[in-house]
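Participant: First to last, the sequence lines map onto chains F and G.
End of the first sequence = 268 in the working numbering, gap-free, step of one.
End of the second sequence = 1268 in the working numbering, gap-free, step of one.
Take this structure, written in structure tokens, and hold onto it; I'll ask about it next.
There are 2 protein chains.
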Amino acid sequence: MQNTDIGDQNEAIKKNLGEINKVVMVISGKGGVGKSTVASNLALALAEKGKKIGLLDIDIHGPNLPKMLGVDKERLQSPGENRIEPVRISENLKLVSMAFLLPEENQAVIWRGPLKMKVIRQFLKDINWGKLDWLIVDSPPGTGDEPLSMAQLVPASSAIIVTTPQEISILDVKKSIDFARKLNLELLGIVENMSGLICPYCGKEIPLFKIGGGEKLAKKMGIPFLGAIPIDPEIVKAADQGILYVENFPDSSATKALKKIADKINNK
Amino acid sequence: MQNTDIGDQNEAIKKNLGEINKVVMVISGKGGVGKSTVASNLALALAEKGKKIGLLDIDIHGPNLPKMLGVDKERLQSPGENRIEPVRISENLKLVSMAFLLPEENQAVIWRGPLKMKVIRQFLKDINWGKLDWLIVDSPPGTGDEPLSMAQLVPASSAIIVTTPQEISILDVKKSIDFARKLNLELLGIVENMSGLICPYCGKEIPLFKIGGGEKLAKKMGIPFLGAIPIDPEIVKAADQGILYVENFPDSSATKALKKIADKINNK
């Protein structure tokens, strides 16, 4: 690919994302902190409030959002040349994921960095998002090719960092903060996920991954703290079964926490 | 770098790893399934049995093993030209991690794929492992640059796949199996981690991430099942404090499970 082509493509990306009010990347230092759960449920909570939301899953090796949102049998449609239509989850929520492009779900995507950059570029250039209040981007963990490509291709992005409270996770969050700052991403704040578990039998709180580490870190690093979400075994089940958690468990503590965080983001 | 150089380097890697009996990569489809916990505690369990063990942390973006093993203030020593000495954890256990090369622990490594390949190549070529029964490699999650580089540079490797029991994780494990098969890695088996949690207050078992998903998958895919490890909040605390779990909690259910798995691997 020639450099001039890349210049043209970057122009095309800018034009294609022109009707999107704000892009936010949901990132984490460590894997398995519930980044996809937080990204998808914040998207649901914002869509419920009447906001137009796009959800882009750039986790190329483990794209789980379609399964979590119950649309893993769908495929992307391409009605016109170079135009790809997102999959619709609800009136206000559209989704695009690498999973929709894979021939079968058990297949590993054994790609090195440059090819990942190319597919993310295409996602940004050719998808017909239309008018959006928020484009929420679910990145793979770490500070590698995918979030780096995204931050470079969409320079005005912002970021939410998800962490669990224990120190091993906090160590990696500091790296995410460093990453966001180096790439000039606006840091909307930190979400502490898996913050305590209520035993379903005796009702006592088990500090499984400790509690409060994310909040403490936010204060120390001078970054807004967006809120703490407790562990709810029902979130795990909902994700496995493709049930929209926020919509189906409106009274749970985790839903209430997620909605408060959505409000804070919406007011940014 | 010229192709002939790379040929020479591959020869040098082969020579340098010549005294290692077996290389095993600990991989996972999803992040946060406890891969580093399993890798480090299996290393401890095998070292306790008198085996000579090397532990190599190729998670370049989130290298956590030094902190988990209480040696995060150590640095690699290079006494001679092109020779790097691993950090010694105990008589039979040596560690090398990307973390030892970082100037300060909060810094993000914002590297694309080709640079990662280069550093992994150097790790394999220049580290003075000496005679080992097992070199255990802790990879970042997914099927990206790091595990791919490793599998290509050390063609006779084997692999252990770590998963949690819930379906979202199992979906990603199938990708890891596909990856291992495509790269001709010998699959030693599947470990089911975070398999149930005993409430520390009422003693009842909470199926937080469900139970049995890893075992079921192993059977279905014709792969050995190595064992299930329950969640123990003490493992989280030990990792945060750099306490060697298997050595310090010899009677816990998780240690017993880990030791059984180590025995199975040792008999392979």
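Ideal placement from N, C-alpha and C gives every residue a C-beta, glycine not left out.
Since the structure is predicted, the reported quantities are computational estimates derived from the model, not experimental observations.
Can you tell me where the alpha helix (DSSP H) holding Leu1148(G) begins and where it ends?
Facilitator: Walking along the second sequence from the start, residue 1148(G) turns up at place 148. Here the alpha helix (DSSP H) through Leu1148(G) covers Asp1145 to Leu1153.
Participant: In its own chain, which residues sit with a C-beta less than 6 angstroms from the C-beta of Val1087(G), not counting the 5 before and 5 after it?
Facilitator: Position 87 of the second sequence holds residue 1087(G). Only Val1071, Glu1074 and Leu1095 meet the Cβ criterion.
Participant: Expressed to the nearest angstrom, what Euclidean distance is found between the alpha-carbon atoms of Pro147(F) and Cys1202(G)?
Facilitator: Residue 147(F) sits at position 147 when you count from the first residue of the first sequence. Residue 1202(G) sits at position 202 when you count from the first residue of the second sequence. Pro147(F) and Cys1202(G): Cα-Cα distance of roughly 43 angstroms.
Participant: Measure from the C-beta of Ile1006(G) to each C-beta in chain F and report whether the shortest distance is under 7 angstroms.
Facilitator: Stepping through the second sequence from its first residue, residue 1006(G) is reached at position 6. Taking Cβ atoms only, chain F never reaches closer than 7 angstroms to Ile1006(G), which makes this a no.
Participant: Are the CB atoms of Leu135(F) and Val23(F) nearer to each other than 7 angstroms?
Facilitator: Taking the first residue of the first sequence as position 1, residue 135(F) is located at position 135. Taking the first residue of the first sequence as position 1, residue 23(F) is located at position 23. It is a contact, given that the beta carbons lie within the stated cut-off.
Participant: Mind listing the chain G neighbours of Leu217(F)? Cutoff is C-beta to C-beta under 7 angstroms, in chain order.
Facilitator: What you label residue 217(F) is simply residue 217 of the first sequence in a count that begins at 1. Simply none; closest approach about 11 angstroms.
Participant: Roughly how many angstroms separate the alpha carbons of Lys1030(G) and Pro1079(G), rounded to a whole number?
Facilitator: Along the second sequence, read from residue 1 onward, the residue named residue 1030(G) stands at position 30. Along the second sequence, read from residue 1 onward, the residue named residue 1079(G) stands at position 79. C-alpha separation (whole angstroms): 38 angstroms.
Participant: Please go through the segment 1214–1250 of chain G and give each complete beta strand (DSSP E) segment of 3 or more residues, from N-terminal end onward.
Facilitator: Counting whole runs of 3 or more residues, the segment 1214–1250 of chain G contains the beta strand (DSSP E) stretches 1225–1228.
Participant: With a Cβ-Cβ cutoff of 7 angstroms, do Pro1066(G) and Ala1043(G) count as a contact?
Facilitator: One-based indexing of the second sequence puts residue 1066(G) at position 66. One-based indexing of the second sequence puts residue 1043(G) at position 43. Result no, Cβ atoms of Pro1066(G) and Ala1043(G) do not sit closer than 7 angstroms.
Participant: What span of residues does the beta strand (DSSP E) with Lys22(F) cover, start to end?
Facilitator: Indexing the first sequence from 1 puts residue 22(F) at position 22. That run of the beta strand (DSSP E) goes Ile20 to Ile27.
Participant: Who pairs with Asp126(F) in a beta bridge, going by DSSP?
Facilitator: For this step, residue 126(F) is matched to residue 126 along the first sequence. In the DSSP output, where bridge partners are listed per residue, Asp126(F) has none listed.
Participant: Residues of chain G with CB closer than 7 angstroms to the CB of Pro140(F), please, in chain order.
Facilitator: Here residue 140(F) is taken as the residue at index 140 of the first sequence, counted from 1. Within 7 angstroms Cβ-Cβ: Gly1142.
Participant: Taking only beta-carbon positions, decide if Tyr201(F) is within less than 7 angstroms of chain G.
Facilitator: On the first sequence, position 201 is the one that residue 201(F) refers to. By this cut-off, Tyr201(F) is an interface position.
Participant: Just to confirm, is the Cβ distance from Ile1223(G) to Ala1254(G) under 7 angstroms?
Facilitator: Taking the first residue of the second sequence as 1, we reach residue 1223(G) at position 223. Taking the first residue of the second sequence as 1, we reach residue 1254(G) at position 254. The answer is no: Cβ separation not under 7 angstroms.
Participant: Buried or exposed for Arg1083(G), please, with buried defined as at least 16 other CB atoms from any protein chain shown within 10 angstroms of its CB.
Facilitator: For the purposes of this step, residue 1083(G) is identified with residue 83 of the second sequence, where counting begins at 1. Classification of Arg1083(G): exposed, given that the 10 Å Cβ count is below 16.
Participant: What does the Cβ neighbour count give for Ala47(F), buried or exposed, with the cut at 16 atoms within 10 Å?
Facilitator: Position 47 of the first sequence, counted from the start, is the residue given in the question as residue 47(F). Label assigned to Ala47(F): buried.
Participant: Given this structure, state the Cα-to-Cα distance separating Asn193(F) from Asp1008(G), to the nearest angstrom.
Facilitator: Taking the first residue of the first sequence as 1, we reach residue 193(F) at position 193. Taking the first residue of the second sequence as 1, we reach residue 1008(G) at position 8. Roughly 48 angstroms between the two C-alpha positions.
Participant: How many Å lie between Leu1017(G) and Val1154(G) at the Cα?
Facilitator: Residue numbering aside, residue 1017(G) sits at position 17 when the second sequence is read from its first letter. Residue numbering aside, residue 1154(G) sits at position 154 when the second sequence is read from its first letter. If you take the alpha carbons of Leu1017(G) and Val1154(G), they lie about 9 angstroms apart.
Participant: Indicate whether the contact test is met: 3 or more Cβ pairs, each with one atom in the segment 177–191 of chain F and one in the segment 213–228 of chain F, closer than 8 angstroms.
Facilitator: Counting Cβ pairs under 8 angstroms, three or more are found: they touch.
Participant: Have a look at the DSSP bridge pairing and note the partners of Ile261(F).
Facilitator: As a working note, residue 261(F) is residue 261 in the first sequence. Beta-bridge pairing links Ile261(F) to no other residue.
Participant: Just to confirm, are Met25(F) and Val119(F) a CB contact at a threshold of 7 angstroms?
Facilitator: To locate residue 25(F), count along the first sequence from 1; it is residue 25. To locate residue 119(F), count along the first sequence from 1; it is residue 119. Cβ distance not < 7 angstroms, so Met25(F) and Val119(F) don't count as in contact.
Participant: So is Phe1123(G) in contact with chain F if we call contact Cβ pairs under 7 angstroms?
Facilitator: Here residue 1123(G) refers to the residue found at position 123 when the second sequence is read from its first residue. So, not an interface residue.
Participant: Taking the continuous alpha helix (DSSP H) assigned at Ser1169(G), which residues delimit it?
Facilitator: As a first step, residue 1169(G) must be located in the second sequence, where it is residue number 169. First-last of the alpha helix (DSSP H) with Ser1169(G): Glu1167 to Lys1182.
Participant: Does Gly1050(G) come out as helix, strand or coil in the three-state DSSP assignment?
Facilitator: Residue numbering aside, residue 1050(G) sits at position 50 when the second sequence is read from its first letter. Correct three-state label for Gly1050(G): coil.
Participant: If Met150(F) sits next to Ser139(F), beta carbons under 8 angstroms apart, how far is it from one beta carbon to the other, in whole angstroms?
Facilitator: Counted from its first residue, the first sequence places residue 150(F) at position 150. Counted from its first residue, the first sequence places residue 139(F) at position 139. So it is a contact: roughly 7 angstroms between Cβ atoms.
Participant: Of all the options Lys175(F), Gln77(F) and Lys131(F), which has the alpha carbon lying nearest to the alpha carbon of Ile943(G)?
Facilitator: The requested residue 943(G) does not occur in the structure, where chain G is confined to residues 1001 to 1268.
Participant: Where DSSP assigns a beta bridge to Glu1085(G), which residues make up the other side?
Facilitator: Along the second sequence, read from residue 1 onward, the residue named residue 1085(G) stands at position 85. Answer is Gln1077(G), bridged to Glu1085(G).
Participant: Rounded to whole angstroms, what's the CA-CA distance from Ile1229(G) to Ser1195(G)? Just pull it up for me.
Facilitator: For the purposes of this step, residue 1229(G) is taken as the residue at position 229 of the second sequence. For the purposes of this step, residue 1195(G) is taken as the residue at position 195 of the second sequence. Answer to the nearest angstrom: the Cα atoms are 6 angstroms apart.
Participant: Got a sec? Which residues, its chain only, sit under 6 angstroms from Leu1124(G) by beta carbon, not counting five neighbours each side?
Facilitator: Indexing the second sequence from 1 puts residue 1124(G) at position 124. Contacts found: Ile1013 and Leu1153.
Participant: If you reduce the DSSP assignment to three classes, tell me which class Lys7(F) lands in.
Facilitator: The residue given as residue 7(F) occupies position 7 in the first sequence. Lys is not the amino acid found at residue 7(F); the sequence shown has Gly there. It is helical.
Participant: Could you give the distance in angstroms between the alpha-carbon of Pro1114(G) and the alpha-carbon of Gly1242(G)?
Facilitator: Counting from 1 along the second sequence, the entry for residue 1114(G) is found at position 114. Counting from 1 along the second sequence, the entry for residue 1242(G) is found at position 242. Those two C-alpha atoms are separated by around 32 angstroms.
Participant: Determine the chain G residues that contact Gln152(F) at a beta-carbon separation under 8 angstroms, and present them in chain order.
Facilitator: Reading the first sequence from its first residue, position 152 is the one you call residue 152(F). Result: empty, since nearest Cβ-Cβ is about 10 angstroms, beyond 8 angstroms.
Participant: Please list the terminal residues of the continuous beta strand (DSSP E) segment that includes Met194(F).
Facilitator: As a position in the first sequence, residue 194(F) is number 194, starting the count at 1. Start and end: Glu186 to Ile198.
Participant: Can you tell which of Asn1010(G), Ser1028(G) and Asp1005(G) has its C-alpha closest to the C-alpha of Asp1178(G)?
Facilitator: Translated into positions along the second sequence, residue 1178(G) becomes position 178. Closest by alpha carbon: Ser1028(G).
Participant: Can you list, in chain order, the residues of its chain whose CB lies under 7 angstroms from that of Cys955(G), leaving out five sequence neighbours each side?
Facilitator: Nothing can be reported for residue 955(G): it is not among the residues displayed for chain G, which extend from 1001 to 1268.
Participant: In whole angstroms, what separates the C-alpha of Asn1184(G) from that of Phe249(F)?
Facilitator: If you number the second sequence from 1, residue 1184(G) lands on position 184. If you number the first sequence from 1, residue 249(F) lands on position 249. One C-alpha to the other measures close to 45 angstroms.
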